[in-house]
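Residues in the sequence shown are numbered consecutively from 6, following my numbering.
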Amino acid sequence: MKLIPELETENLIISVLKPDDFELLVKYENVNRSHLSPWEPTRITEYFCLEETKKRVELNFKDFQLGSTIPLVALDKTKSEIICLCSFSNIVHGAFQACNLGYSISEKNQGTGLMFEMLQASIEYVFTEYNLHRVMANYIPSNIRSGKLLDKLGFQKEGVAKSYLKIAGTWQDHVLTSKINLS
Ligand SMILES: CC(C)(COP(=O)(O)OP(=O)(O)OC[C@H]1O[C@@H](n2cnc3c(N)ncnc32)[C@H](O)[C@@H]1OP(=O)(O)O)[C@@H](O)C(=O)NCCC(=O)NCCS
Numbered sequence: 006m007k008l009i010p011e012l013e014t015e016n017l018i019i020s021v022l023k024p025d026d027f028e029l030l031v032k033y034e035n036v037n038r039s040h041l042s043p044w045e046p047t048r049i050t051e052y053f054c055l056e057e058t059k060k061r062v063e064l065n066f067k068d069f070q071l072g073s074t075i076p077l078v079a080l081d082k083t084k085s086e087i088i089c090l091c092s093f094s095n096i097v098h099g100a101f102q103a104c105n106l107g108y109s110i111s112e113k114n115q116g117t118g119l120m121f122e123m124l125q126a127s128i129e130y131v132f133t134e135y136n137l138h139r140v141m142a143n144y145i146p147s148n149i150r151s152g153k154l155l156d157k158l159g160f161q162k163e164g165v166a167k168s169y170l171k172i173a174g175t176w177q178d179h180v181l182t183s184k185i186n187l188s
């Protein structure tokens with residue numbers, strides 16, 4: 006069984022959401038629904054309800070225990086709300102030692118540097134604790150904020166994949182980037 010991390014940064018507490026705390030995610034996803042929808046797959050209405058979110062949190066928690074995904078949330082210091090979140094998924098070991106990274110921040114906290122604060126600490130955690138060599142993150146070219154954020158975090162552009170992911174109902178090209186663990 007994996008130990009649940011609790012990483013403390015200047016403004017955040019970063020951890021894995023426990024199944025009992027699913028209501029924090031319900032609030033984050035509902036409040037930020039229109040903010041996130043241009044950058045995510047199309048979600049049906051049920052996706053946002055209590056029962057479906059509870060199931061997703063349980064599944065994420067199981068995947069974390071199996072070691073295939075690290076679904077992290079960054080809470081404020083009183084642990085009363087999710088500020089931002091990120092997920093390291095498709096974790097592969099062997100000769101690849103790599104994973105994919107996805108992330109978002111609540112609309113009201115955008116542009117404060119808190120997403121950067123979370124990702125910097127979280128990437129260091131996965132490199133150290135999971136001995137990963139490469140984290141891959143991909144963004145739609147028009148997502149300028151995401152591109153700047155990855156650049157600041159030290160991700161290198163590796164190319165463009167045509168028609169890569171179906172986001173907001175349309176197959177969209179993505180810029181492919183990676184950060185390599187140099188230690
Ligand atoms: C992409 C996304 C996560 C970027 O978040 P962000 O808040 O812009 O990222 P950061 O934490 O790095 O903050 C960036 C800005 O805050 C500014 N900032 C940093 N510290 C600050 C502080 N203490 N006070 C005020 N501003 C600050 C920085 O100057 C930076 O702006 P700059 O890059 O223009 O200089 C966010 O736009 C988002 O959630 N979008 C929707 C979902 C999404 O697109 N996910 C990614 C899919 S690939």
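Glycine is no exception: its CB is placed at the ideal position from the N, C-alpha and C atoms.
It should be emphasised that the depicted structure is a prediction, and the values quoted were computed from it without experimental measurement.
Less than 6 Å separating the Cβ of Met120 from some heavy atom of ligand 1?
One-based indexing of the sequence shown puts residue 120 at position 115. It does: the Cβ of Met120 is within 6 Å (strictly closer) of some heavy atom of ligand 1.
Report the residue from Leu158, Val180, Lys184, Thr133 whose alpha carbon sits nearest the alpha carbon of Met141.
In the sequence shown, counting from the first residue as 1, residue 141 sits at position 136. Taking only the C-alpha atoms, the option nearest Met141 is Lys184.
Skipping 5 residues on each side, what residues in its chain have a beta carbon closer than 7 Å to that of Asn95?
For the purposes of this step, residue 95 is taken as the residue at position 90 of the sequence shown. For Asn95, where only same-chain residues beyond five positions count, the Cβ hits under 7 Å are Cys104, Asn105.
From what residue to what residue does the alpha helix (DSSP H) around Ala103 run?
Taking the sequence shown and counting its residues from 1, the one referred to as residue 103 is at position 98. Here Ala103 belongs to no alpha helix (DSSP H); instead the beta strand (DSSP E) covers 103-110.
Is Trp4 near ligand 1, judged by its Cβ being under 6 Å from some heavy atom?
Not covered by the structure: residue 4. The range shown for the chain is 6 to 188.
From Lys162 to Gln70, what does the alpha carbon distance come to, in whole angstroms?
Looking up residue 162 in the sequence shown gives position 157. Looking up residue 70 in the sequence shown gives position 65. Between Lys162 and Gln70, the C-alpha separation is close to 31 Å.
Is any non-hydrogen atom of ligand 1 found closer than 6 Å to the C-beta of Asn148, if you look at the structure I gave you?
Residue 148 sits at position 143 when you count from the first residue of the sequence shown. The answer is yes for Asn148.
Ignore the nearest five residues each way along the sequence and tell me which others in Glu51's own chain have a CB closer than 8 Å to its CB.
Your numbering for residue 51 matches position 46 in the sequence shown. So the list reads Glu57, once near-sequence residues are dropped.
For Phe160, which of helix, strand or coil comes out of DSSP?
Numbered from its first residue, the sequence shown carries residue 160 at position 155. It is coil, neither helix nor strand.
Once DSSP output is grouped into helix, strand and coil, what is the label at Arg48?
Start at 1 with the first residue of the sequence shown, and residue 48 comes out as number 43. In the structure shown, the three-state DSSP call for Arg48 is coil.
Quick test of your reading: Ala79 and Leu90, contact by CB under 8 Å. State the CB separation rounded to the nearest angstrom.
Within the sequence shown, the letter at position 74 stands for residue 79. Within the sequence shown, the letter at position 85 stands for residue 90. Confirmed, about 7 Å.
Pull up the distance between the alpha-carbon of Phe27 and that of Ser127, whole angstroms please.
Within the sequence shown, the letter at position 22 stands for residue 27. Within the sequence shown, the letter at position 122 stands for residue 127. C-alpha separation (whole angstroms): 21 Å.
Less than 7 Å between the C-beta atoms of Gly159 and Leu181, yes or no?
Taking the sequence shown and counting its residues from 1, one reaches residue 159 at position 154. Taking the sequence shown and counting its residues from 1, one reaches residue 181 at position 176. Not in contact: Gly159 and Leu181 (Cβ atoms no closer than 7 Å).
Among the residues of its own chain, which have a CB less than 7 Å from the CB of Asn35, if the five just before and after it don't count?
If you number the sequence shown from 1, residue 35 lands on position 30. Excluding residues within five positions, the ones whose Cβ falls inside 7 Å are Phe53.
Under DSSP, the alpha helix (DSSP H) around Leu181 begins and ends at which residues?
In the sequence shown, counting from the first residue as 1, residue 181 sits at position 176. No alpha helix (DSSP H) contains Leu181, which is instead part of the beta strand (DSSP E) from 175-185.
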